[in-house]
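**Q** Heads up: the sequence shown begins at 393 in my numbering, then just goes up one per residue. We put the CB at the ideal spot given by N, CA and C, even for glycine.
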Amino acid sequence: MSDSFKQKIWCVIPVYNNGTTVKTVALKCREQLDHVLVVDDGCTDADLSALFAGTDIQVLRHETNRGKGAALLSALSAVHAAGGRWMLCLDADGQHHPEDIPRFLPVMEQSPDSIIIGARDFSAANVPGGSRFGRQFSNFWIKLECGANVSDSQSGFRAYPVELLAQMELHGNRYDFEVEVLTKAVWYGLSIKEVPVQVTYAPKGERITHFHKWKDNVRLSHRHGLLVSRRLLPWPHKKLVKTEYDFVEFFRHPLRFLIRLLKESATPLELGLSAAVGILLGALPLIGAHTVSILYVTTRLSLNRALALTIQNVCMPPFVPCACILLGHYMRMGCWLVFADLRHVALQEYLVDWLLGSLILAPLLALFAGLLIYRLAAFLRKESEALSA
């Protein structure tokens, strides 16, 4: 790797009240790269400008704490203005190992249109249970929002292509930045790469974390909700990098679409959600549009289309539609229809009742079907793994 390429890489360390560890981390990063930028996000436990006096490590300060996302965006502006090509970020608490920086470099050189994540080795000691669950939960939402399979979407050890990142519209200022940037990167046409990295967690009771269990989880849930909602809209995303295959290609090449449909696989959680979507939309009075609606939603959310299309047949007349009509009629009129009365009329004549009833029954049926398929898929996968062991 040429020295000119490494000169375009800036190591960025956002820090908030990790004064006891940030200097060690930054000096180790300086051993790997020439440009190191520490973003002081309103620290109150140390004077970072004084801490790094006498070194060539730069310090950018926020007078008040604005959040990790805001710190990274401030660093992006500074690195971009300095002509940097890559921004390689890691946390200041010592969990990441600067010695792993060389693992990123060849991938950065070969994949200039990618975000590169350092996938942490969670077989290390003292890994918090909340971090394990949070990683799996976040990975699922990333897959739902953009279709990317990411093994560690919560890792803060990452390399960002500066020129592309500077053109992206990003709103998250705190920990929600790290999930937003991955989803939107894929929307913009970038790819996600991963390299294995080490991780060190302090023993329970000694680790300093600024993740607020309630506030930050609410922010993350809100961000995921916004991203999923945008994912469902039919308007195309702006492309910074041309992609070889997108949603429109399904309709340009129907045979290719069918082949992909038959080859799809998914995790138990994704299968459960696919079943829930199939039942939810299948129970609604979308007369003549059930299949198109299910294909659209499952494609946008990268779910298993074959399962969703198959399970919707559970909602075919007469039973589920009639049950919705009976419930809807009672909600609207305060009295029950006689089931036998429905034999001699078209169900469309009770469209309002059908809609009202489905708003109650469809989510309940979808929840039941989703949990059933999830448990069944998880059981079968466990049995299959046991047999192959």
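Could you check whether leucine 757 and isoleucine 686 sit closer than 8 Å to each other, using their CB atoms as the reference points?
**A** Taking the sequence shown and counting its residues from 1, one reaches residue 686 at position 294. Taking the sequence shown and counting its residues from 1, one reaches residue 757 at position 365. Against a cut-off of 8 Å, the Cβ pair of leucine 757 and isoleucine 686 comes out as no contact.
**Q** Kindly indicate the opening and closing residues of the beta strand (DSSP E) around tyrosine 552.
**A** In the sequence shown, the residue the question calls residue 552 occupies position 160. Residues 550 to 553.
**Q** Nearest to leucine 574 by CA position, among Thr592, Asp505, Glu423, is which residue?
**A** Here residue 574 refers to the residue found at position 182 of the sequence shown. Leucine 574 has its Cα closest to that of Asp505, out of Thr592, Asp505, Glu423.
**Q** Tell me, please, which residues DSSP counts as bridged to glutamine 450.
**A** Looking up residue 450 in the sequence shown gives position 58. Glutamine 450 pairs with Leu429.
**Q** In angstroms with no decimal places, state the Cα-to-Cα distance between isoleucine 584 and valine 542.
**A** Counted from its first residue, the sequence shown places residue 584 at position 192. Counted from its first residue, the sequence shown places residue 542 at position 150. So the two alpha carbons sit approximately 8 Å from each other.
**Q** Kindly indicate the opening and closing residues of the alpha helix (DSSP H) around proline 498.
**A** If you number the sequence shown from 1, residue 498 lands on position 106. Counting along the chain, the alpha helix (DSSP H) containing proline 498 begins and ends at 493 to 502.
**Q** Enumerate in chain order the residues of its own chain whose CB-to-CB distance from glutamate 455 is below 7 Å, with the five nearest sequence positions on each side excluded.
**A** As a working mapping, residue 455 is identified with position 63 in the sequence shown. Around glutamate 455: Gly434.
**Q** Using a Cβ-Cβ cut-off of 7 Å (strictly less than) and excluding sequence neighbours within five positions of phenylalanine 397, which residues of its own chain qualify?
**A** Walking along the sequence shown from the start, residue 397 turns up at place 5. Same-chain partners within the cutoff: Glu501.
**Q** So, does the region 405 to 414 touch the region 463 to 481, judging by three or more C-beta pairs under 8 Å?
**A** The region 405 to 414, when compared against the region 463 to 481, does touch it at the 8 Å Cβ threshold.
**Q** By a C-beta neighbour count over all protein chains shown, 10 Å radius and 16 as the cutoff for buried, is arginine 773 buried or exposed?
**A** Residue mapping note: residue 773 aligns to position 381 of the sequence shown, counting from 1. So arginine 773 ends up on the exposed side.
**Q** Hey, could you find the ends of the beta strand (DSSP E) tryptophan 579 is sitting in?
**A** As a first step, residue 579 is located in the sequence shown; it is residue number 187 there, counting from the start. Not the beta strand (DSSP E): tryptophan 579 falls in the alpha helix (DSSP H), residues 568 to 579.
**Q** Could you have a look at glutamate 455 and say whether DSSP puts it in helix, strand or coil?
**A** Locating residue 455 in the sequence shown gives position 63, where the first residue counts as 1. Reduced to three states, the DSSP call for glutamate 455 is coil.
**Q** Do you know offhand how far phenylalanine 639's Cα is from threonine 683's?
**A** Stepping through the sequence shown from its first residue, residue 639 is reached at position 247. Stepping through the sequence shown from its first residue, residue 683 is reached at position 291. Below a pLDDT of 50, predicted positions are generally treated as unreliable, and phenylalanine 639, at 48, falls in that range; the measurement from the model is reported next regardless. So the alpha carbons of these two residues sit roughly 16 Å apart.
**Q** Can you say whether histidine 614 is buried or exposed, counting buried as having 16 or more other CB atoms within 10 angstroms of its CB?
**A** What you label residue 614 is simply residue 222 of the sequence shown in a count that begins at 1. Result: exposed.
**Q** Per the DSSP calculation, arginine 512 is bridged to which residue(s)?
**A** The residue given as residue 512 occupies position 120 in the sequence shown. DSSP, once it has assigned bridges, lists Val589 as partnering arginine 512.
**Q** To the nearest angstrom, report how far apart leucine 717 and valine 669 are at their CA atoms.
**A** In the sequence shown, residue 717 corresponds to position 325, counting from 1. In the sequence shown, residue 669 corresponds to position 277, counting from 1. Residue identity differs from the one stated: residue 717 is isoleucine in this sequence, not leucine. Going from the Cα of isoleucine 717 to the Cα of valine 669 covers about 21 Å.
**Q** Does DSSP classify tryptophan 728 as helix, strand or coil?
**A** Position 336 of the sequence shown holds residue 728. In this structure, tryptophan 728 counts as coil in the three-state DSSP scheme.
**Q** Please look up how many angstroms separate the CB atoms of asparagine 410 and aspartate 485, rounded, as I've assumed it's under 8 Å.
**A** Position 18 of the sequence shown, counting from 1, holds the residue named residue 410. Position 93 of the sequence shown, counting from 1, holds the residue named residue 485. So it is a contact: roughly 5 Å between Cβ atoms.
**Q** In the DSSP assignment, the beta strand (DSSP E) including proline 710 goes from what residue to what residue?
**A** In the sequence shown, the residue the question calls residue 710 occupies position 318. From DSSP, proline 710 is part of no beta strand (DSSP E); its letter is neither H nor E.
**Q** DSSP on isoleucine 584, reduced to helix/strand/coil?
**A** Residue numbering aside, residue 584 sits at position 192 when the sequence shown is read from its first letter. Strand.
**Q** Apart from the five residues on each side of it in sequence, which residues of its chain come closer than 7 Å, Cβ to Cβ, to alanine 761?
**A** Walking along the sequence shown from the start, residue 761 turns up at place 369. Excluding residues within five positions, the ones whose Cβ falls inside 7 Å are Ala667, Ala668, Ile671, Ile703.
**Q** The beta strand (DSSP E) with cysteine 435 in it runs from where to where?
**A** For the purposes of this step, residue 435 is taken as the residue at position 43 of the sequence shown. Unbroken run through cysteine 435: none, as it is neither H nor E.
**Q** Just the Cα atoms here: how many angstroms apart are isoleucine 679 and glycine 617?
**A** Locating residue 679 in the sequence shown gives position 287, where the first residue counts as 1. Locating residue 617 in the sequence shown gives position 225, where the first residue counts as 1. Cα-Cα distance, rounded: 28 Å.
**Q** Which same chain residues, not among the five before or five after aspartate 745, have their C-beta less than 7 Å away from its C-beta?
**A** Numbered from 1 along the sequence shown, position 353 holds the residue referred to as residue 745. Excluding residues within five positions, the ones whose Cβ falls inside 7 Å are Ile717, Gly720, His721, Arg724.
**Q** Using 8 Å as the threshold, is the C-beta distance between arginine 477 and valine 430 below it?
**A** Numbered from its first residue, the sequence shown carries residue 477 at position 85. Numbered from its first residue, the sequence shown carries residue 430 at position 38. No, these two residues do not count as a Cβ contact at 8 Å.
**Q** DSSP three-state call for valine 404: helix, strand or coil?
**A** In the sequence shown, residue 404 corresponds to position 12, counting from 1. Reduced to three states, the DSSP call for valine 404 is strand.
**Q** Look at tyrosine 782 and leucine 695 and say whether their C-beta atoms are less than 8 Å apart.
**A** The question about residue 782 has no answer here: the residues shown for the chain are numbered 393 through 781.
**Q** Grab the span of the beta strand (DSSP E) containing proline 480 for me, first residue to last.
**A** Counting from 1 along the sequence shown, the entry for residue 480 is found at position 88. For clarity, residue 480 is leucine in the given sequence; the question names proline instead. 478 to 481 is the extent of the beta strand (DSSP E) around leucine 480.
**Q** Helix, strand or coil, according to DSSP, for serine 506 in the structure here?
**A** Reading the sequence shown from its first residue, position 114 is the one you call residue 506. DSSP places serine 506 in strand when its eight states are reduced to three.
**Q** Going by other Cβ atoms of all chains shown within 10 Å of its Cβ, with 16 needed for buried, is serine 776 buried or exposed?
**A** As a first step, residue 776 is located in the sequence shown; it is residue number 384 there, counting from the start. It counts as exposed.
**Q** Using CA atoms only, rank isn't needed, just tell me which of Leu619, Phe529, Val689, His488 is closest to alanine 577.
**A** Numbered from its first residue, the sequence shown carries residue 577 at position 185. Of Leu619, Phe529, Val689, His488, the residue nearest in Cα terms is Leu619.
**Q** With burial defined as no fewer than 16 other Cβ atoms inside 10 Å of the residue's Cβ, what is the status of glycine 564: buried or exposed?
**A** Sequence index remark: in the sequence shown, residue 564 carries index 172 (1-based). With 16 or more Cβ atoms within 10 Å of its Cβ, glycine 564 is classed as buried.
**Q** Who are the near neighbours of leucine 452 in its chain, counting only those whose CB is closer than 8 Å to its CB and skipping five residues on each side?
**A** As a first step, residue 452 is located in the sequence shown; it is residue number 60 there, counting from the start. Same-chain partners within the cutoff: Leu429, Val430, Val431, Asp432, Ser466, Ala467, Ala470.
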